[in-house]
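By the count of our numbering, the sequence shown reaches residue 1312 at its end, each step adding exactly one.
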Amino acid sequence: MTVSQAVPIGLEMLGALAALHGRGIVHRDLKPSNVFLTPHGVKLLDFGLARPEPDETISPDGDLTRPGFVMGTPRYMAPEQITGEPVGGRGDLFAAGAILFEMLAGRPAFPGRTIGEVLHATTSEQPPALTGSPGVAAVDRVIRRALAKRPAERPASAEQMADELRAA
């Protein structure tokens, strides 16, 4: 897929995430099969793992993500989801970055033959840089920021990531 095809899809996906996050909900299982392209635009599907933004003042007993218990799709899970830490909106931005990478590279950002290999790659490796035109390099910088291992190093919101993608 070309940058001119991927960026509009990415912007619509981020717009849907912005609406979701604006209501205090984190998707937690964003992956290509949950991003549906319709004649009316991108729709996000499958909210089975969606939860309210984490609140440090609330006991995590009802949370779905716990150490040793992983729920989600490994290729698109943020490192904090893998390690059982609270997953906020920036976890969805990690998944959006992984999807954008895959759209442009034609392969997953974090490959592996087994779930263990994929989880290891996600928590400790970086995907190769996307190369090509200056536009591809600019989009690669946005994707790399979204794929930062620490949530604080990712864009603060879906709107901010969309702004960065538009600027690229």
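Glycine included, every Cβ here is placed at the ideal spot set by N, Cα and C.
Source: prediction; values computed, not measured.
Please list the terminal residues of the continuous beta strand (DSSP E) segment that includes Val1179.
Val1179 to Thr1182
Segment contact, 8 Å Cβ cut-off, at least three pairs: the stretch 1166-1182 with the stretch 1235-1245:
yes
Status (buried if at least 16 other CB within 10 Å, exposed otherwise) for Leu1291
buried
Terminal residues of the continuous beta strand (DSSP E) containing Leu1188?
Gly1185 to Leu1188
Determine the direct distance from the alpha carbon of Gly1250 to that of Ser1277, and round the result to whole angstroms.
17 Å
Under 8 Å, with one C-beta from each stretch per pair, do the stretch 1271-1289 and the stretch 1213-1232 reach the 3-pair mark?
no
Answer yes if the stretch 1181-1188 comes into contact with the stretch 1146-1165, meaning at least three C-beta pairs across the two stretches below 8 Å, and no otherwise.
yes
Just how far apart, CA to CA, sit Gly1216 and Lys1293?
17 Å
First and last residue of the alpha helix (DSSP H) that includes Ser1268?
Ile1259 to Ser1268
Find the nearest neighbour of Leu1248 within the set Leu1274, Ile1259 and Ala1239, judged by alpha-carbon distance.
Leu1274
Please name the residue in Pro1295, Glu1297, Ile1287 and Ala1296 whose C-alpha comes closest to that of Leu1309.
Ile1287
Beta-carbon spacing of Val1170, Val1231 below 7 Å:
yes
Let me check understanding here. Comparing Cα to Cα, which of Gln1304, Gly1166, Thr1266 and Pro1152 lies closest to Ala1239?
Thr1266
Quick one, are the C-beta atoms of Pro1271 and Ala1253 less than 7 Å apart?
yes
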